[in-house]
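The structure under discussion appears below in the form of structure tokens.
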Amino acid sequence: MSRQVDVAIIGAGTAGLNAFGQVKQVTSNVVLINDGPYGTTCARVGCMPSKVLIEVAKTFSRREHFFDFGIKGSENLTLDRKQVMQYMRGQRDWFVARVMDGVNQIGEKNIKGRARFVEPQVLEVNGERIQAEKIIIATGSRPIVPPEWHQFGDKVITTDDFFELDELPDSIAVIGLGAIGCELGQALARLGVKVVGVEMLSNVAGLSDPKVNKVAIEELAKSFDVWVETAAQLSETADGKIKVETNDERSITVDKVLASLGRRPNIDNMGLEVFNLDLSNGFKDLVNPHTMQLGDLPLFIAGDVGSLKPILHEVADEGTIAGYNAVQNPVQGFKRRVPLRIAFTDPQVVIVGASFAELAEQDIITGERSFVVQGRTKVMARNHGLLRVYADRQSGRLLGSEMMIPDGEYIGHFLAMAIENEMTVRDVMVTPFYHPTVLEGLDNALNAIAAQLEGGNQGPALKTMNQ
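According to this note's numbering, the sequence shown is numbered sequentially starting from 527.
Shown next, in the form of structure tokens:
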């Protein structure tokens, strides 16, 4: 049995669903093939359940300020760990259900099964052969777990497992302090779990600015032990716990280990050898990020499987671009959005535009603002963190920023818009910064840049009447 289609999409996550929505605007002769759970990584085991847990943890941690505020009785507040997980899953299931509303409307074009290439434009699924003019691979990714850790069974978990725990463990080691490791490590510590975080690199949450990174480590260390620039080795103790030892001779015994070591693309056993490609580094170095096409093949890559930018809005864009180009000839290149990454720690880590590491220090001017003395955050009893903004030394054009500050997500978006529109420091300074707001901290950082650009002859941060 066989059929012919214009486009076959493999994978029904965020990228695949966006690709399907784009393709069906042009042709109804399309199929969506999915092997594994529906509901998107973001909704099931990523963005949404983690943010629910973070919100619960943040709310519970606010009790530490109640006495100072004159609110009595906070010492009597307790936490039902089982209820925390039940609440989180209930919210998670709501988000998954919203995704499934769309999936269920696809109908017979949605094929449940594993796709395998038998020829460059022919797939085999459930014994059926599907010949497609164009194929989009959007099969997602899975957490990395070192093979030697499999012996510890369910004592070593990933984000794919964590949200199914009936109850929070008493202790946990988070191995890998990228965004999700930092987020969950801090949240769990605030929920009463004994946490240690271990990171091989010197930086956490993807930060590259040494000043911001130092502040980030200090802030995270207020909640849990942070061990950086060291690797972890695991062994099982006689009482069934896990001993975590580092190469700088530190150790701790915990109930669980959360492996937060990044993700690996799902490209195994797909028959990709028919393309004779070197996939030792996956698709990352092979796919055109502006067209999502793989070379000149009738093949497009979208989402986490491409390992380009595993962030929801980027993944959705990739699906849309791939879907658009799968039904176009010739393909169209699209400019990608200003980079924006956020870790929902408290304070939040935000990297927008060019990171510190991507810029030549001699070519930029940096403005910074400590949020320890920032008015609005002081009012909120959340006065922590540091903002650093980078501008071109010659033109004053905004290039990027790294920060760990309260509500940094909003300043991150504000700066992304400014960078996208190639605005200078002065262009942004003429907009109002209301008092007292968190955004006033950005105004302070911009003023610091302007002072370096213009010396002591700074005029008002306003346009003149003839502009």
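Cβ atoms here follow ideal geometry from the backbone N, Cα and C, with glycine treated the same way.
Who are the near neighbours of residue i in its chain, counting only those whose CB is closer than 6 Å to its CB and skipping five residues on each side?
| i | result |
| --- | --- |
| V552 | V853 |
| A944 | L924 and V954 |
| R504 | A query on residue 504 cannot be resolved here, the shown segment of the chain reaching from 527 to 993 and no further. |
| V700 | G707, G711, G723, L784 and S786 |
| V752 | G723, I743 and L746 |
| V780 | S697, I698, A699 and I768 |
Taking 8 Å as the cut-off, decide whether the C-beta atoms of residue i and residue j are in contact.
| i | j | result |
| --- | --- | --- |
| Q874 | T817 | no |
| T756 | N729 | no |
| I698 | L784 | yes |
| G911 | L979 | no |
| F546 | I656 | no |
| L605 | A713 | no |
| G845 | G653 | no |
| A641 | G829 | no |
| A658 | V813 | no |
| V876 | E946 | no |
Tell me the rounded alpha-carbon separation between residue i and residue j.
| i | j | result |
| --- | --- | --- |
| V878 | P865 | 6 Å |
| V625 | R862 | 25 Å |
| G565 | D627 | 10 Å |
| G981 | Y916 | 17 Å |
| A623 | S667 | 21 Å |
| P986 | K584 | 40 Å |
| I768 | K720 | 14 Å |
| M726 | G797 | 34 Å |
| A534 | L558 | 6 Å |
| P563 | K782 | 25 Å |
| N555 | L649 | 15 Å |
| K904 | V898 | 7 Å |
| L703 | N983 | 44 Å |
| Q759 | D686 | 22 Å |
Which same chain residues, not among the five before or five after residue i, have their C-beta less than 7 Å away from its C-beta?
| i | result |
| --- | --- |
| S600 | R589, F592 and F593 |
| D735 | F882, R914 and E928 |
| N739 | N729, V730 and L733 |
| S749 | Q712, A715 and R716 |
Who pairs with residue i in a beta bridge, going by DSSP?
| i | result |
| --- | --- |
| K635 | Beta-bridge pairing links K635 to no other residue. |
| P669 | R789 |
| Q759 | E771 |
| W753 | V724 |
| A534 | V557 and I661 |
| I891 | A917 |
| L784 | I683 and V700 |
Just checking residue i against the ligand FAD - is the residue's beta carbon closer than 7 Å to any of the ligand's heavy atoms?
| i | result |
| --- | --- |
| K904 | With respect to small molecules bound, the structure shown includes none, and the ligand FAD cannot be examined in it. |
In chain order, what residues of the same chain have a beta carbon less than 8 Å from the beta carbon of residue i, not counting five sequence neighbours either side?
| i | result |
| --- | --- |
| F959 | L965, E966, L968 and D969 |
*Only counting runs of 3 or more residues, tell me where the beta strand (DSSP E) segments fall wholly within the segment 808–834, in order along the chain.*
Within the segment 808–834, the complete beta strand (DSSP E) runs of at least 3 residues are 825–827.
_Runs of beta strand (DSSP E) lying entirely within the segment 649–707, each at least 3 residues, in chain order_ = Runs found: 654–663, 667–669 and 697–701.
_3 or more residues per run - each beta strand (DSSP E) lying fully within the segment 901–939_ = With a minimum length of 3 residues, the unbroken runs of beta strand (DSSP E) contained wholly in the segment 901–939 fall at 912–918 and 924–931.
*Tell me the start and end of each unbroken alpha helix (DSSP H) in the segment 833–889 that is at least 4 residues and wholly inside, in chain order.*
Assignment of alpha helix (DSSP H) within the segment 833–889, counting only whole runs of 4 or more residues, yields 838–852 in chain order.
*Report the residue ranges of all alpha helix (DSSP H) runs contained in full by the segment 575–646; include only those spanning at least 4 residues, in chain order.*
With a minimum length of 4 residues, the continuous alpha helix (DSSP H) runs that stay inside the segment 575–646 are 592–595 and 607–629.
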